[in-house]
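Below: the structure, in structure tokens.
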Amino acid sequence: MDTERAYVDAAVSPGQLDGDVLLDVSDLVVHYVLEDETVEAVNGITFQLKKGQTLGLVGETGAGKTSTALAILNLIQSPPGVIKSGRITVCGNEVLSMTPKQLEKIRGNDVSMIFQDPMTALNPVMTVGEQIAESIRYHEGLSSRASLDKAMDMLELVGIPAVRAAEYPHQFSGGMKQRVVIAIALACNPQVLLADEPTTALDVTIQAQVLDMMRDLKEKLGTALVMITHDLGVVAKICDAVAVMYAGKIVEYGTLDDIFNEPLHPYTEGLFNSLPNILDRKAELIPIPGLMPDPTKLPAGCAFEPRCRYAVEKCKEPCANYTVSDTHSLLCARYGESGFRIDMKRGEKKHG
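Take any residue in the sequence shown, note its place counting from 1, add 19, and you have its number in our numbering.
This is the structure in structure tokens:
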């Protein structure tokens, strides 16, 4: 694993970033303010994404992954959503200070998003060709005919015959709809692509095809990709770096090799221990006990503490982020203790 392909350091300011960094998220906080309570969805996360790199944003439902992606596009619905603080830079543009007109120019052009459900992401009364061409016409200023021609080329690129551009979404299967959504997202060759659970609604065979296609397209176009998922198999297949999220915070960050072969956070351990052991079919799963904390009543200390088998009294207090190496960091009060180490249920490597 090339350690130069993944980098994290919360102390780096945007002014120090090198030219390869396409996405910089710094100390992002997103809350949903309701009448009686406030949902603390994202609570101070920092990460960077370089050209051609794929970052896996991993965690349970409710961890704050989708809110993070929507914030990158400045699409948090307000009210009730509020980006309380932070800085987001996409291809040199400070997203949170841009006007609606400026945002329209970069969405779909510099940065695009593949939404989770292809069934609802497409307009049912427009042909798929028209839906792809719409973005091309707006961002590249091409004529209707030229836009449609390029839309047909995009369909071919994602494995759909160009003649199907004249068909409507209901005439496509779930996997084909997802390919159309990907074609729309990639139509203007964005430098940054956000993929929110792009394979969740697909069967296993189609999942593999879509992931292979996304990896090939990323390599051809040099696109930086944020893959939002709860599936560690997807992460192993397509990602270079991994950010493990829990209760709105990144609790562990590292290269694919760091996270899969040397996980250090108890929550990361829990995710791996919840997977079937293909080397021992009789081995029992070890699920993580309990549930995610109520995002309206997050504790002052570690949010994972009530579910953690290593928890001690000091875990109830705020803790600092530990930098293990240039590529690996974690948020755990016990990591600095002499001799402390999580105990994976099985010792074989998870990747490589």
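The C-beta atom is built at its ideal place from N, Cα and C for all residues, glycine as well.
Selection from 169, 184, 341 and 192 that minimises the alpha carbon distance to residue 136:
Position 117 of the sequence shown, counted from the start, is the residue given in the question as residue 136. The candidate whose alpha carbon is nearest that of residue 136 is 192.
For a quick check, are the C-beta atoms of residue 88 and residue 247 less than 7 Å apart?
Locating residue 88 in the sequence shown gives position 69, counting from the first residue. Locating residue 247 in the sequence shown gives position 228, counting from the first residue. In this structure, residue 247 lies closer than 7 Å to residue 88 by Cβ.
According to DSSP, is residue 360 helix, strand or coil?
Walking along the sequence shown from the start, residue 360 turns up at place 341. DSSP places residue 360 in coil when its eight states are reduced to three.
Quick check: what's the CA-CA separation for residue 339 versus residue 59?
Walking along the sequence shown from the start, residue 339 turns up at place 320. Walking along the sequence shown from the start, residue 59 turns up at place 40. C-alpha separation (whole angstroms): 19 Å.
How about residue 218 and residue 229: do their beta carbons lie closer than 7 Å?
Walking along the sequence shown from the start, residue 218 turns up at place 199. Walking along the sequence shown from the start, residue 229 turns up at place 210. In this structure, residue 229 lies closer than 7 Å to residue 218 by Cβ.
Using a Cβ-Cβ cut-off of 7 Å, state whether residue 327 counts as contacting chain B.
This model lacks chain B altogether; it includes just one protein chain.
Just to confirm my understanding: we take residue 85, look at its own chain, exclude 5 residues before and 5 after, and list those with CB closer than 7 Å. What are they?
If you number the sequence shown from 1, residue 85 lands on position 66. Closer than 7 Å at Cβ, skipping near neighbours: 215 and 247.
Where DSSP assigns a beta bridge to residue 106, which residues make up the other side?
As a working mapping, residue 106 is identified with position 87 in the sequence shown. Listed as beta-bridge partners of residue 106 by DSSP are 45.
Assign residue 156 to one of two classes, buried (16 or more other C-beta atoms within 10 Å of its C-beta) or exposed (fewer than that).
In the sequence shown, residue 156 corresponds to position 137, counting from 1. Buried is the call here.
Looking at the unbroken alpha helix (DSSP H) that takes in residue 205, where does it start and where does it end?
In the sequence shown, the residue the question calls residue 205 occupies position 186. Run containing residue 205: 193-205, per the alpha helix (DSSP H) assignment.
Just to check, is the beta-carbon of residue 221 closer than 6 Å to a non-hydrogen atom of the ligand ADP?
Inclusion of the ligand ADP in the displayed structure is not the case, the ligand content being empty and no account of it being possible.
Look up residue 254 in the DSSP assignment and say whether it is helix, strand or coil.
Locating residue 254 in the sequence shown gives position 235, counting from the first residue. It is helical.
State the Cα-Cα distance for the pair residue 170 and residue 189, rounded to the nearest angstrom.
Counting from one through the sequence shown, the residue named residue 170 turns up at place 151. Counting from one through the sequence shown, the residue named residue 189 turns up at place 170. About 18 Å.
Contact between the segment 140-149 and the segment 120-129: three or more CB pairs below 8 Å?
No, the segment 140-149 is not in contact with the segment 120-129.
Once the 5 residues before and after residue 361 are set aside, which same chain residues still bring their CB inside 6 Å of it?
For the purposes of this step, residue 361 is taken as the residue at position 342 of the sequence shown. Contacts found: 285 and 288.
Determine the burial state of residue 324: buried for a count of at least 16 other Cβ atoms within 10 Å of its Cβ, exposed for fewer.
Counting from 1 along the sequence shown, the entry for residue 324 is found at position 305. Flag for residue 324 reads buried.
With respect to the beta strand (DSSP E) encompassing residue 277, which residues constitute its N-terminal and C-terminal limits?
On the sequence shown, residue 277 is found 258 positions in, with the first residue counted as 1. No beta strand (DSSP E) holds residue 277; the alpha helix (DSSP H) holding it covers 275-280.
Quick check on residue 139: does DSSP put it in helix, strand or coil?
Residue numbering aside, residue 139 sits at position 120 when the sequence shown is read from its first letter. DSSP places residue 139 in helix when its eight states are reduced to three.
Over what stretch of residues does the alpha helix (DSSP H) that includes residue 226 continue unbroken?
Position 207 of the sequence shown holds residue 226. It spans 223-240 - the alpha helix (DSSP H) in which residue 226 sits, taken as one unbroken run.
Is residue 89 helix, strand or coil when you go by DSSP?
Here residue 89 refers to the residue found at position 70 when the sequence shown is read from its first residue. Helix.
Do you know whose CA, among 195, 172 and 51, lies nearest residue 99's CA?
Residue 99 sits at position 80 when you count from the first residue of the sequence shown. It is 51 whose Cα lies nearest to the Cα of residue 99.
Quick check on DSSP: helix, strand or coil for residue 118?
Numbered from its first residue, the sequence shown carries residue 118 at position 99. Coil at residue 118, not helix or strand.
Quick check on DSSP: helix, strand or coil for residue 160?
By one-based count along the sequence shown, residue 160 stands at place 141. Residue 160: coil per DSSP, three-state reduction.
Would you mind giving the Cβ-Cβ distance between residue 64 and residue 268, rounded to the nearest angstrom? I have them listed as a contact below 8 Å.
Taking the sequence shown and counting its residues from 1, one reaches residue 64 at position 45. Taking the sequence shown and counting its residues from 1, one reaches residue 268 at position 249. With 8 Å as the limit, residue 64 and residue 268 qualify as a contact, their Cβ atoms being about 6 Å apart.
With C-beta atoms as the reference, is residue 48 less than 7 Å away from residue 83?
Taking the first residue of the sequence shown as position 1, residue 48 is located at position 29. Taking the first residue of the sequence shown as position 1, residue 83 is located at position 64. Not a contact, by the Cβ cut-off of 7 Å.
Cα-Cα separation between residue 251 and residue 81, rounded to whole angstroms
Translated into the one-based positions of the sequence shown, residue 251 becomes position 232. Translated into the one-based positions of the sequence shown, residue 81 becomes position 62. Cα to Cα, residue 251 sits roughly 17 Å from residue 81.
Return helix, strand or coil for residue 126, following the three-state DSSP convention.
By one-based count along the sequence shown, residue 126 stands at place 107. Here residue 126 sits in strand by DSSP.
Alpha carbon to alpha carbon, how far is residue 164 from residue 374? Give it in angstroms, no decimals.
As shown, the chain starts at 20 and ends at 371. That puts residue 374 outside it, with no answer to give.
Between which two residues does the alpha helix (DSSP H) carrying residue 65 extend?
Against the sequence shown, residue 65 aligns to sequence position 46. First-last for residue 65: 57-69, but that is the beta strand (DSSP E), not the alpha helix (DSSP H).
Roughly how many angstroms lie between the CA atoms of residue 67 and residue 43, to the nearest whole one?
Counting from 1 along the sequence shown, the entry for residue 67 is found at position 48. Counting from 1 along the sequence shown, the entry for residue 43 is found at position 24. Rounded to the nearest angstrom, the two C-alpha atoms are 5 Å apart.
Just list the beta strand (DSSP E) runs in the segment 307-360, keeping only unbroken ones of 3 residues or longer that don't cross its boundaries, in chain order.
340-342 and 348-350
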